[in-house]
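2 protein chains.
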Amino acid sequence: MNLKEKIIHESLKLFSLKGFLGTSIHDILEAADTSKGGFYNHFSSKEDLFFQVIDEARKIWREKNLKGLDQIEKPTGKITQLLKNYKNRYLKDADNFPGGCVFITLSAELNHQRPQLSTELEKGFVGLKGMLRRLLKQGKESGELSKAVSTDSVTEILFSGMLGASLSFGVNKSKKSLDKSINALIEYLEQLQQSDQYPFD
Amino acid sequence: MNLKEKIIHESLKLFSLKGFLGTSIHDILEAADTSKGGFYNHFSSKEDLFFQVIDEARKIWREKNLKGLDQIEKPTGKITQLLKNYKNRYLKDADNFPGGCVFITLSAELNHQRPQLSTELEKGFVGLKGMLRRLLKQGKESGELSKAVSTDSVTEILFSGMLGASLSFGVNKSKKSLDKSINALIEYLEQLQQSDQYPFD
DNA sequence: TAAGCGAGACCGACCGGTCTGTCTCGCCCC
DNA sequence: GGGGCGAGACAGACCGGTCGGTCTCGCTTA
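Listed in order, the protein sequences are those of chains S and C.
Each residue of the first sequence is one higher than the one before, counting from 4 in my numbering.
Each residue of the second sequence is one higher than the one before, counting from 4 in my numbering.
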């Protein structure tokens, strides 16, 4: 791993722990064992680094969360697998994200401080929500889910459940509690498949 | 409102927008229209201010979220009312929290940077989760909820759903989306009351 | 006149960013 | 093949600005 990759990797960890503004260039130099010269030789500014770190974080997110999904046929099965990946392979991935989901940390920090950076982060959330909604819609079309199930409502429960579980995990650091949160969402999704009398609309 | 109260009130707004570390003393002085002398005459440090701001935020949280709950008998009714209050009276309360729930903003920011401050924040989350669990337990005892319903699972869904909805609201600023999130939780809770065949355990 | 509140100059530490200097290569010409 | 040169990588002193916090002093009010 060359210096540039090392800086991005170490920054990713630091950002997940302390946020963007909370991480100083000095912190990064120390973690990557380099100097100002080494840093600014590869990045034009701290913001430049931000965007490259986010790119890398997205790659890791997909790698961790989407693993095995293409081998599953049923849309609801894909969602269940996504939730399991999210819990076991992503949130517990202390190597890359010792401070939990970096998108959530950064989003909470930058929302009202750096609109431009925040906008970049929002894209990912929109994407995740869209994926959930799409899969649920497919689940309805294929008959796994009752037509009476409200795609929007379930999307919201799953999406905010995922965000909340990560946030909650960051606060209490309890893997048991994280397991319970995500398992509850999986059970909730299973309920929707077994029963037809849900009056959601 | 005297200067001290004004500083606390303005800090509360700023903290909800930009976090604790992201808000400078200068920002606070400007918002409260005072000077260093005026500030340090009432607070011994920025951390001292933090604890007093959190105290005030807790008062407002209770005032907004618990309103009317003591006039409701059914435990599940209390939870529904809490969710409605949370959505309409608390999260949309831009006067006090223009940046959304201040506890979530601060918690995400301070988790891995100021453990002492973070611990103070965690108390509130533990309290909310405990309240939800207690009400669900009472709901089971009074027969509103089936004994087959898992208190822990439902607690997790409601709790992380509340956190996630707030976080999501912070990101997309959409009241419609917020309404959907919380309404989905309310509907979910209603389902648990109407049906007995939930195999949660 | 005494007390306390608030204004703002000031302090050292630290911020992101610049700039110069050094060291190590690969390449070219003799 | 050996000597010289230039480009790129990295080190770290340094810059102006901002941070949280201190201190002095004048004004207000009783």
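No residue lacks a Cβ here, since even glycine has one placed at the ideal position from N, Cα and C.
Values in this document were obtained by computation on a predicted structure and should not be read as measured data.
Neighbourhood of residue i by C-beta distance below 7 Å, restricted to the same chain and skipping five residues each side
i: C:Ala-2; result: Residue 2 of chain C falls outside the range modelled here, since chain C spans only 4 to 204, and no answer is possible.
i: S:Leu-170; result: Ile-107
i: C:Asn-88; result: Lys-67, Asn-68, Lys-70
i: C:Ile-75; result: Lys-81, Gln-84
i: C:Leu-72; result: Lys-81, Gln-84, Leu-85
i: C:Tyr-43; result: none
i: S:Phe-53; result: Phe-23, Leu-120
i: S:Asp-96; result: Lys-67
i: C:Lys-90; result: Leu-181, Asp-182, Ile-185
i: S:Gly-41; result: Leu-6
i: S:Asp-30; result: Leu-17
Spatially closest choice to residue i from the options, by CA coordinates
i: S:Ile-63; options: S:Lys-87, S:Cys-104, S:Thr-37; result: S:Cys-104
i: C:Gly-127; options: C:Arg-61, C:Glu-76, C:Arg-137, C:Leu-135; result: C:Arg-61
i: C:Ile-10; options: C:Leu-69, C:Gln-55, C:Glu-159, C:Lys-77; result: C:Gln-55
i: S:Val-129; options: C:Asp-30, C:Phe-172, C:Gln-84; result: C:Phe-172
i: C:Leu-6; options: C:Ser-27, C:Gly-142, C:Asp-36, C:Leu-139; result: C:Asp-36
i: C:Ala-111; options: C:Phe-23, C:Val-157, C:Leu-52; result: C:Phe-23
i: C:His-115; options: S:Gly-40, S:Gln-197, S:His-45, S:Val-174; result: S:Val-174
i: C:Lys-136; options: C:Gly-146, C:Ile-160, C:Leu-124; result: Looking at the sequence shown, residue 136 of chain C is not Lys but Arg. Closest option to C:Arg-136, Cα to Cα, is C:Ile-160.
i: C:Tyr-191; options: C:Lys-179, C:Thr-158, C:Ser-177, C:Leu-166; result: C:Thr-158
i: S:Asp-51; options: S:Arg-65, S:Lys-81, S:Ser-156, S:Glu-123; result: S:Glu-123
i: C:Ser-121; options: S:Leu-15, S:Lys-21, S:Ser-14, S:Met-4; result: S:Lys-21
i: C:Ile-57; options: C:Phe-42, C:Leu-72, C:Phe-18; result: C:Phe-18
i: C:Leu-148; options: C:Thr-79, C:Tyr-43, C:Phe-162; result: C:Thr-79
i: C:Lys-150; options: C:Glu-13, C:Gln-196, C:Asp-73, C:Arg-117; result: C:Gln-196
i: S:Leu-131; options: S:Ser-14, S:Ala-34, S:Leu-86, S:Leu-15; result: S:Leu-86
i: C:Phe-162; options: C:Leu-139, C:Lys-143, C:Ser-177; result: C:Leu-139
i: S:Ser-145; options: S:Lys-77, S:Arg-65, S:Ser-47; result: S:Lys-77
i: C:Leu-109; options: C:Leu-166, C:His-45, C:Ala-34; result: C:Leu-166
i: S:Lys-49; options: S:Arg-65, S:Glu-59, S:Ser-14; result: S:Ser-14
i: S:Lys-176; options: C:Met-134, C:Gly-133, C:Pro-118, C:Val-152; result: C:Pro-118
i: S:Phe-46; options: S:Leu-113, S:Lys-178, S:Glu-8, S:Lys-16; result: S:Glu-8
i: C:Thr-26; options: S:Leu-113, S:Ala-34, S:Arg-65; result: S:Leu-113
Chain C contact for residue i (CB, 9 Å cutoff)
i: S:Leu-138; result: no
i: S:Glu-8; result: no
i: S:Ala-34; result: no
i: S:Tyr-191; result: yes
i: S:Glu-13; result: no
i: S:Ala-111; result: yes
i: S:Phe-203; result: Note that S:Phe-203 scores 44 on pLDDT, short of 50, meaning its location in the model is unreliable; the coordinates nonetheless yield the value given after this. Yes, S:Phe-203 counts as interfacial toward chain C.
i: S:Phe-128; result: yes
i: S:Gln-116; result: yes
i: S:Ala-60; result: no
i: S:Asp-199; result: Any reading at S:Asp-199 must be qualified, since the residue scores a pLDDT of 49, below 50, and its modelled position is unreliable; the value itself is stated next. With 9 Å as the cut-off, S:Asp-199 does not count as an interface residue toward chain C.
i: S:Tyr-24; result: The sequence shown places Leu at residue 24 of chain S, not Tyr. Chain C contact via Cβ: present.
i: S:Ser-121; result: yes
Same chain, Cβ closer than 6 Å to residue i, neighbours up to 5 away in sequence not counted
i: C:Gly-164; result: Leu-188
i: S:Glu-125; result: none
i: C:Lys-16; result: Pro-101
Proximity test, Cβ basis, 9 Å: residue i and chain S
i: C:Met-4; result: no
i: C:Tyr-49; result: As written in the sequence, residue 49 of chain C is Lys, which differs from the Tyr given in the question. By this cut-off, C:Lys-49 is not an interface position.
i: C:Glu-125; result: yes
i: C:Asp-155; result: yes
i: C:Lys-21; result: yes
i: C:Ala-187; result: yes
i: C:Lys-90; result: no
Sequence-distant residues of the same chain with beta carbon closer than 8 Å to residue i, five excluded per side
i: S:Leu-94; result: Phe-100, Gly-103, Cys-104, Ala-168, Ser-169, Phe-172, Leu-181
i: C:Arg-250; result: Residue 250 of chain C lies beyond the stretch modelled for chain C, which goes from 4 to 204, so this question has no answer here.
i: S:Lys-39; result: Ile-28, Leu-32
Check: residue i C-beta below 8 Å from any heavy atom of the ligand ZN
i: C:Ala-111; result: Ligands are entirely absent from the displayed structure, and the ligand ZN is therefore not among its contents.
Can you list the beta strand (DSSP E) stretches of 3 or more residues lying completely in the segment 56–133 of chain C, in chain order?
-> none
For the segment 159–185 of chain C, enumerate the residues whose C-beta is nearer than 8 Å to any C-beta of chain S, in chain order.
-> Glu-159, Ile-160, Phe-162, Ser-163, Gly-164, Met-165, Leu-166, Gly-167, Ala-168, Leu-170, Ser-171, Gly-173, Val-174, Asn-175, Ser-180, Lys-183, Ser-184
Would you list, in chain order, the members of the segment 96–107 of chain S that have their beta-carbon closer than 9 Å to a beta-carbon of chain C?
-> Pro-101, Gly-102, Gly-103, Ile-107
Entirely within the segment 30–60 of chain C and at least 4 residues each: give me those alpha helix (DSSP H) ranges in chain order.
-> 39–43
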